[in-house]
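**Q** In this text, residue positions in the sequence shown follow our numbering: the first is 26, and each later residue adds one.
Note that CB positions come from ideal geometry on N, CA and C, so glycine has one too.
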Amino acid sequence: MSCTVNPNQEWLEADGLGGFASGTATGVRTRRYHALLLPATTPPTGRMVLVNGFDAWVETAGGTFYLSSQCYAPGVIGGAGTQPIESFTWEPWPTWVFRFADGTRVRQEIFVARGDDSVTCVAWNLLEPRKGATLFVRPFLSGRDYHALHKSNPAFRFDANIAPGRVAWKPYPDVPGVVALCNGRYRHEPLWYYNFLYEAERARGLDCEEDLAAPGVLNWDLAAGEATLILATEAQAAHLPSGTESATLLGRLRAGEQARRGQFPSRLHCAASAYVVRRESSTAAAGKTIIAGYPWFADWGRDTFISLRGLCLATGRLEVARDILLAWAGAVSEGMLPNRFPDRGDQPEYNSVDASLWFIVACAEFLDTGAASDAESRVLRDAVEAILSGYAAGTRYGIRADADGLLACGEAGVQLTWMDAKVGNWVVTPRIGKPVEVQALWLNALAFAGKSEVRWQALFERGLAAFREKFWNTQRGCLFDVVDANHQAGTNDPALRPNQIFAVGGLPLQLLDQERARAVVTAVQQHLWTPAGLRSLAPGEPGYAARYQGGVRERDGSYHQGTVWPWLMGAFIEAWVRVHDANAAARQAARGQFLQPLLERIQISGLGHLSEIADGDAPYTARGCPFQAWSMGELLRLDLEALAEPGSSKNAGR
């Protein structure tokens, strides 16, 4: 009897260094990023796909049965499809049970064992005694950048270095070698497999076909016991205990992972740990950081500081929060923090107006915990001072404090806010002038710094008065999205967007009186709220896009034009509670009406996680990155802090 497995469900096993293994519940690889061994060679960047996957089949007296499935162009499924899958679960790690026509049942597990050098572990077991069951596994190798695709070529070296319990390949001289530790036998049989088709890439309008090398076949007698396979780079393998049989080693790694994952109080806490990784760099930002999302994002400044509040502060991981903030504090340049570190190289990109302000918000909340030493507090406060001084005096891209105390920013051809889609020279939502959420962040940052420095308090008071005067849109009963648009005084953008919610929720200070705050929350709830998050633009507004689909231009053009963003629910739900008296009844109502639908969505796309975005119209199909840090961070912040009862154990572990 088989079960129905959703081909859109994806699993993730992160290694704590920026690398990962990932795939689908069906076993069919649908993305270029689905792989078994995908390490970060310069953590957390320099990611390379070394082992893409495998073909696996079992031979018994009743016939030959496939555990694996592959999709080949133009859309042919080879192997098992989903029919032999009796069950699938992603907790504590991806585990399948296959039932074949002759009654044979095989369990397959895949997990990444974390450590200084993480490895991917795969295990197969017969679930009932049976004679004459032989498992065959043919690994598929490439050795490419994780954004690229691989094609057959004469430069690929199939040579295998074979030793007892170990097979090693070195496909290209400038690519890390692959080591397979196993308790099976290896038969060298070099082959190219052509035209793997990745359906998710095709749907995104990207190149979607790949050729992979298959150097040989591993085989095991399943009746003799568990079949084990440990995949590692040469460097990772060098740190594994020498002389240990692979089955014994895998058993130790499995037990260690069970213990590690068992320490987390909930599945949300465990999922949060996937995003906190180590950064190895020659820059001042070496240390801990946060991956913005899997499978294709690295660490981004804005995403790191937004996510940190939920992933680290709400969960009590204060030492991690401290390490991340201190690491980034040394990267301030002309008042700005970088928004992105490239996948290769250490030259950061300073192209965000709000990343530095989110850093200040995160610093303020961290310092409020009392977990920083005097020296650490000085480092963080000095970084805050450097940011505010740089912004007040004026820095890159027209960022400067205006005479009214508000923060102006932007110039043609540059996308500075979180609505940062750009296609060629087309900045989809330029938002030049004074964007509303940037002012909310700026004023919150000034209020924090003003507690110890009078000049920032004076600037805060001037800016707050200007904010309340300039941003209220009397005609629509909510806030403008941008005032003094294109640096033209009195020119305002009335587009109904979610950014205004940060004037009421998501930040320490509520900038509006209760009457106007309620009006903003009502407008956002009526026009922008969905069970998956907030729309980035209201239906009926010029340019509204109901679906996020098509090629790069189509998708980027709709990214902030109606597409739903789950991370915005943190600010919205907090604002909703505030304008409904912030009492126990309001928190309980918000949990049922707004938080519960989000919790249900961790089962539909990236298993155990929230996706980056969703369609603006029902059924709000999950889109974009299936594992997104700030979506998860805000979910945790809501669950453990914003909606927690006063005096509860929400801060346990701090």
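Using a threshold of 7 Å, is the CB atom of residue 198 nearer than that to any non-hydrogen atom of the ligand NAD?
**A** Annotation note on the ligand NAD: not contained in the displayed structure, which lists no ligands.
**Q** I want to know whether the stretch 626-645 touches the stretch 604-616 - three or more CB-CB distances under 8 Å.
**A** No, because fewer than three Cβ pairs between the stretch 626-645 and the stretch 604-616 fall closer than 8 Å, the two stretches do not touch.
**Q** Where do the N-terminal and C-terminal ends of the alpha helix (DSSP H) with residue 545 fall, by residue?
**A** Its alpha helix (DSSP H) spans residues 539-552.
**Q** Ignore the nearest five residues each way along the sequence and tell me which others in residue 431's own chain have a CB closer than 6 Å to its CB.
**A** Hits under 6 Å: 459, 464, 488 and 491.
**Q** Hey, could you find the ends of the beta strand (DSSP E) residue 398 is sitting in?
**A** From DSSP, residue 398 is part of no beta strand (DSSP E); its letter is neither H nor E.
**Q** Under the rule that 16 or more other beta-carbon atoms within 10 Å means buried, what is residue 187, buried or exposed?
**A** Per the 10 Å Cβ criterion, exposed.
**Q** Nearest CA to the CA of residue 670: which residue from 347, 616 and 462?
**A** When each option's Cα is compared against that of residue 670, the closest is 616.
**Q** From residue 391 to residue 349, what does the alpha carbon distance come to, in whole angstroms?
**A** So the two alpha carbons sit approximately 11 Å from each other.
**Q** In terms of residue numbering, what span does the alpha helix (DSSP H) encompassing residue 364 cover?
**A** First-last for residue 364: undefined, no H or E at that position.
**Q** Taking the alpha helix (DSSP H) that residue 655 belongs to, which residues open and close that run?
**A** Taken as a continuous stretch (DSSP letters only), the alpha helix (DSSP H) holding residue 655 covers 654-662.
**Q** Cβ atoms of residue 171 and residue 63: under 8 Å apart, would you say?
**A** Yes, the Cβ-Cβ distance between residue 63 and residue 171 is below 8 Å.
**Q** If I measure Cβ to Cβ from residue 422 and keep anything under 8 Å in the same chain, skipping five residues before and after, which residues do I get?
**A** Excluding sequence neighbours, residue 422 sits near 376, 378, 434, 435, 436, 439 and 441.
**Q** I need the DSSP call for residue 637, collapsed to helix, strand or coil.
**A** Note: residue 637 maps to coil in three-state DSSP.
**Q** Please look up how many angstroms separate the CB atoms of residue 363 and residue 415, rounded, as I've assumed it's under 8 Å.
**A** Residue 363 to residue 415, Cβ: 14 Å. No contact.
**Q** Evaluate residue 462 with the Cβ neighbour count: other Cβ atoms within 10 Å of its Cβ, from every protein chain shown; 16 or more gives buried, anything less gives exposed.
**A** Residue 462 should be labelled buried.
**Q** What residues are listed by DSSP as bridge partners for residue 134?
**A** For residue 134, which the question treats as bridged, DSSP gives the partners 120 and 148.
**Q** With 16 other CB atoms within 10 Å as the buried threshold, where does residue 29 fall?
**A** It counts as exposed.
**Q** Measuring straight from C-alpha to C-alpha, what distance separates residue 181 and residue 471?
**A** The straight-line gap from Cα to Cα measures roughly 57 Å.
**Q** By how many angstroms is the C-alpha of residue 497 removed from the C-alpha of residue 408?
**A** Near 33 Å, if we compare the C-alpha coordinates of residue 497 and residue 408.
**Q** Less than 8 Å between the CB atoms is what I'm expecting for residue 72 and residue 44, so what's the real figure, rounded?
**A** That belief holds up - the Cβ atoms of residue 72 and residue 44 are roughly 6 Å apart, short of 8 Å.
**Q** Going by the beta-carbon positions, is the gap between residue 296 and residue 634 smaller than 8 Å?
**A** Yes, the Cβ-Cβ distance between residue 296 and residue 634 is below 8 Å.
**Q** Taking only three categories from DSSP, how would you classify residue 666?
**A** Three-state DSSP puts residue 666 in a helix.
**Q** Could you tell me if residue 121 is buried or exposed, where buried requires 16 or more neighbouring beta carbons within 10 angstroms of its beta carbon?
**A** With 16 or more Cβ atoms within 10 Å of its Cβ, residue 121 is classed as buried.
**Q** Classify residue 481 as helix, strand or coil using the three-state DSSP reduction.
**A** In this structure, residue 481 counts as helix in the three-state DSSP scheme.
**Q** In terms of DSSP beta bridges, what is residue 241 paired with?
**A** Beta-bridge pairing links residue 241 to 213.
**Q** Expressed to the nearest angstrom, what Euclidean distance is found between the alpha-carbon atoms of residue 544 and residue 503?
**A** Residue 544 and residue 503: Cα-Cα distance of roughly 6 Å.
**Q** How many angstroms separate the CA atom of residue 586 from the CA atom of residue 562?
**A** Cα to Cα, residue 586 sits roughly 5 Å from residue 562.
**Q** Please report the residue range of the alpha helix (DSSP H) in which residue 95 lies.
**A** It is not in any alpha helix (DSSP H) - residue 95 instead sits in the beta strand (DSSP E) that spans 94-97.
**Q** What residues in its chain sit with their C-beta under 7 Å from that of residue 566, if we drop five residues either side in the sequence?
**A** Answer for residue 566: 520 and 521, listed in chain order.
**Q** Check whether the stretch 70-87 and the stretch 194-205 touch, using three or more Cβ-Cβ pairs below 8 Å as the test.
**A** Yes, since at least three Cβ pairs between the stretch 70-87 and the stretch 194-205 fall closer than 8 Å, the two stretches touch.
**Q** Give me the Cα-Cα distance between residue 457 and residue 278, rounded to the nearest whole angstrom.
**A** Roughly 52 Å between the two C-alpha positions.
**Q** Report the rounded CA-to-CA distance for residue 213 versus residue 238, giving the unit in angstroms.
**A** Cα to Cα, residue 213 sits roughly 12 Å from residue 238.
**Q** Three-state secondary structure (DSSP) at residue 598?
**A** If DSSP states are grouped into helix, strand and coil, residue 598 belongs with the helices.
**Q** Note down, in chain order, each residue of its chain lying with its Cβ closer than 6 Å to the Cβ of residue 454, except the 5 sequence neighbours on either side.
**A** So the list reads 444 and 585, once near-sequence residues are dropped.
**Q** Looking at residue 55 and residue 235, is the spacing between their C-beta atoms short of 8 Å?
**A** Not a contact, by the Cβ cut-off of 8 Å.
**Q** Whose C-beta lies closer than 7 Å to the C-beta of residue 82 among residues of the same chain, with five residues either side of it excluded?
**A** 89, 90, 91, 92 and 161.
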